[in-house]
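Notes follow the structure.
There are 2 protein chains.
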Amino acid sequence: MAIKHSQDVEVVQIPSGVKTTRQVLISAQEAPNFALRRFIMEPGGGMPRHTNTVEHEQYVLTGQARVGIANDVFEVKKGDVVFIPENVPHWYQNTGNETFEFLCIVPNKPDVTTILPDELPC
Amino acid sequence: MAIKHSQDVEVVQIPSGVKTTRQVLISAQEAPNFALRRFIMEPGGGMPRHTNTVEHEQYVLTGQARVGIANDVFEVKKGDVVFIPENVPHWYQNTGNETFEFLCIVPNKPDVTTILPDELPC
Numbered sequence: 001m002a003i004k005h006s007q008d009v010e011v012v013q014i015p016s017g018v019k020t021t022r023q024v025l026i027s028a029q030e031a032p033n034f035a036l037r038r039f040i041m042e043p044g045g046g047m048p049r050h051t052n053t054v055e056h057e058q059y060v061l062t063g064q065a066r067v068g069i070a071n072d073v074f075e076v077k078k079g080d081v082v083f084i085p086e087n088v089p090h091w092y093q094n095t096g097n098e099t100f101e102f103l104c105i106v107p108n109k110p111d112v113t114t115i116l117p118d119e120l121p122c
Numbered sequence: 001m002a003i004k005h006s007q008d009v010e011v012v013q014i015p016s017g018v019k020t021t022r023q024v025l026i027s028a029q030e031a032p033n034f035a036l037r038r039f040i041m042e043p044g045g046g047m048p049r050h051t052n053t054v055e056h057e058q059y060v061l062t063g064q065a066r067v068g069i070a071n072d073v074f075e076v077k078k079g080d081v082v083f084i085p086e087n088v089p090h091w092y093q094n095t096g097n098e099t100f101e102f103l104c105i106v107p108n109k110p111d112v113t114t115i116l117p118d119e120l121p122c
């Protein structure tokens with residue numbers, strides 16, 4: 001591939017997410033070192049607390065959300081950059097009235113996603 | 001780092017470019033496998049034909065441009081995805097009236113940029 005129009009790329013529902021879809025814009029088969037994906041979370045959508053065995057570099061394209069990383073919670077919006085190290089628990093909640101969309105780049109390594117139980121109240 | 005606001009990140013002029021600046025959003029020192037950068041080309045700006053020793057995965061954030069990759073020329077706009085293999089000649093020309101901005105992800109490997117002479121007329 002040289003060029004793709006992202007609107008032409010298949011949109012796939014994420015079973016473990018709520019109102020969350022993903023597009024693989026550049027796959028592990030198309031590039032030697034890392035894959036580029038776009039996530040789209042509808043208003044009210046998000047992803048539960050989970051870990052991945054690969055790190056994430058992310059860039060927010062539109063919307064706003066609450067993002068949990070380890071024990072911290074951040075409010076993020078368009079133009080924000082997020083780094084999640086491998087194996088660190090994280091979650092997302094769209095807190096706006098528009099879609100929350102972000103790019104997520106991961107290395108071309110095996111990625112195991114583990115959904116975690118809700119955190120116990122203090 | 002966990003979160004950055006991209007408007008807080010230093011903007012650096014690219015000497016070999018025309019009206020072109022770059023922000024390193026996630027540096028090679030901040031992440032284990034790849035770096036995330038944002039390029040901003042003002043109207044009339046661009047980058048001459050050159051090669052890099054690392055591949056580029058790119059996502060157009062805003063604006064429109066003409067992009068040359070090897071012997072092909074593409075018109076790209078917001079939402080388009082670009083892949084440039086390592087050592088393949090490429091160039092950019094902002095063809096719009098607004099800034100042309102794109103993300104560019106590169107592996108954490110030594111990158112040598114070589115500016116190429118203009119192509120000879122056929």
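Protein sequence lines correspond, in order, to chains A and B. Just so we're aligned, residue 1 is where the first sequence starts under my numbering, counting upward by one. Just so we're aligned, residue 1 is where the second sequence starts under my numbering, counting upward by one. Beta carbons are placed, not taken as given, at the ideal position from N, Cα and C, and that holds for glycine.
query = What residue from A:12, A:28, A:66 and A:57 has the CA that sits closest to residue 46 (chain A)'s CA?
reply = Taking the first residue of the first sequence as position 1, residue 46 (chain A) is located at position 46. For the residues A:12, A:28, A:66 and A:57, the minimum Cα distance to residue 46 (chain A) belongs to A:66.
Report task. Return helix, strand or coil for residue 80 (chain A), following the three-state DSSP convention. Result -> The residue labelled residue 80 (chain A) in the question sits at position 80 within the first sequence. The answer is strand: DSSP assigns residue 80 (chain A) an E or B state.
Partners in chain A for residue 33 (chain B), counting only beta-carbon separations shorter than 8 Å:
What you label residue 33 (chain B) is simply residue 33 of the second sequence in a count that begins at 1. The answer, in chain order, is 33, 34, 55 and 107.
Practice task
Can you check DSSP and say which residues form a bridge with residue 60 (chain B)?
Solution key: As a working note, residue 60 (chain B) is residue 60 in the second sequence. For residue 60 (chain B), which the question treats as bridged, DSSP gives the partners B:102.
Does the contact criterion of 3 or more C-beta pairs under 8 Å hold for the stretch 81 to 101 of chain B versus the stretch 101 to 115 of chain A?
no
Notebook entry, point to check: In chain order, what residues of the same chain have a beta carbon less than 8 Å from the beta carbon of residue 91 (chain B), not counting five sequence neighbours either side?
Noted result: Position 91 of the second sequence holds residue 91 (chain B). 46, 47, 48, 49, 50, 67 and 68.
Indicate whether at least one CB of chain B lies closer than 8 Å to the CB of residue 1 (chain A). As a working mapping, residue 1 (chain A) is identified with position 1 in the first sequence. So yes, residue 1 (chain A) belongs to the interface.
Check: Excluding the five sequence neighbours on either side, which residues of its own chain have a C-beta within less than 6 Å of the C-beta of residue 18 (chain B), listed in chain order?
Finding: For the purposes of this step, residue 18 (chain B) is identified with residue 18 of the second sequence, where counting begins at 1. Here the set comprises 45 and 46.
query = Would residue 43 (chain B) pass as a contact of residue 98 (chain B) if the rule is Cβ separation under 8 Å?
reply = Walking along the second sequence from the start, residue 43 (chain B) turns up at place 43. Walking along the second sequence from the start, residue 98 (chain B) turns up at place 98. Yes; because the gap between Cβ atoms is below 8 Å, this pair is in contact.
Cα-Cα separation, residue 196 (chain B) to residue 118 (chain A) | Outside the modelled stretch of chain B, which goes from 1 to 122, sits residue 196 (chain B), for which no answer is possible.
| query | Which residues in chain B sit within 7 Å of residue 83 (chain A), going by Cβ to Cβ distance? | reply | Numbered from its first residue, the first sequence carries residue 83 (chain A) at position 83. Ordered by position in chain B, the residues that pass the 7 Å Cβ test against residue 83 (chain A) are 1, 2, 26, 30 and 31.
- request: List the whole-angstrom C-beta distance separating residue 31 (chain A) from residue 57 (chain B), where the pair is believed to meet the contact cut-off of C-beta under 8 Å.
  value: Here residue 31 (chain A) refers to the residue found at position 31 of the first sequence. Here residue 57 (chain B) refers to the residue found at position 57 of the second sequence. Contact holds; Cβ gap of about 6 Å.
ask   = Taking the DSSP output, what are the residues bridged to residue 107 (chain A)?
value = What you label residue 107 (chain A) is simply residue 107 of the first sequence in a count that begins at 1. Answer is A:34.
List, in chain order, every chain A residue whose beta-carbon is nearer than 9 Å to that of residue 100 (chain B). Taking the second sequence and counting its residues from 1, one reaches residue 100 (chain B) at position 100. Correct list: empty, because the minimum Cβ distance to chain A is about 15 Å.
Rounded separation between residue 40 (chain B) and residue 63 (chain B) - CA only: Residue 40 (chain B) sits at position 40 when you count from the first residue of the second sequence. Residue 63 (chain B) sits at position 63 when you count from the first residue of the second sequence. Approximately 10 Å between the Cα atoms of the pair.
- In three-state terms, what does DSSP make of residue 72 (chain B)? Residue mapping note: residue 72 (chain B) aligns to position 72 of the second sequence, counting from 1. In the structure shown, residue 72 (chain B) sits in a strand (DSSP, three-state: E or B).
Next item on the list: State the Cα-Cα distance for the pair residue 151 (chain B) and residue 9 (chain A), rounded to the nearest angstrom.
Entry: Since the displayed chain B opens at 1 and closes at 122, residue 151 (chain B) lies outside it and no answer follows.
Item to complete: Using three-state DSSP, classify residue 29 (chain A) as helix, strand or coil.
Response: Along the first sequence, one-based indexing puts residue 29 (chain A) at 29. Residue 29 (chain A) falls in the coil class under three-state DSSP.
Of all the CB atoms in chain A, is at least one closer than 8 Å to the CB of residue 40 (chain B)? Against the second sequence, residue 40 (chain B) aligns to sequence position 40. Not closer than 8 Å to any Cβ of chain A, the Cβ of residue 40 (chain B) fails to qualify, so no.
Would you report the Cα separation of residue 11 (chain B) and residue 25 (chain B), rounded to the nearest angstrom? As a position in the second sequence, residue 11 (chain B) is number 11, starting the count at 1. As a position in the second sequence, residue 25 (chain B) is number 25, starting the count at 1. About 10 Å.
Next item on the list: Name, in chain order, the residues that DSSP records as bridge partners for residue 24 (chain B).
Entry: Numbered from its first residue, the second sequence carries residue 24 (chain B) at position 24. The partner list for residue 24 (chain B) (beta bridge, DSSP) reads B:37.
Same chain only: Cβ atoms within 6 Å of residue 23 (chain A), ignoring 5 sequence neighbours per side: Taking the first sequence and counting its residues from 1, the one referred to as residue 23 (chain A) is at position 23. Within the same chain, residue 23 (chain A) has close Cβ partners 9, 11 and 38.
**Prompt:** Which word fits residue 55 (chain A), buried or exposed, when buried means at least 16 other C-beta atoms lie within 10 angstroms of its C-beta?
**Reply:** Position 55 of the first sequence, counting from 1, holds the residue named residue 55 (chain A). With 16 or more Cβ atoms within 10 Å of its Cβ, residue 55 (chain A) is classed as buried.
Practice item. Note down the Cα distance separating residue 96 (chain A) from residue 77 (chain B), rounded to an integer number of angstroms. Key: Along the first sequence, read from residue 1 onward, the residue named residue 96 (chain A) stands at position 96. Along the second sequence, read from residue 1 onward, the residue named residue 77 (chain B) stands at position 77. Going from the Cα of residue 96 (chain A) to the Cα of residue 77 (chain B) covers about 26 Å.
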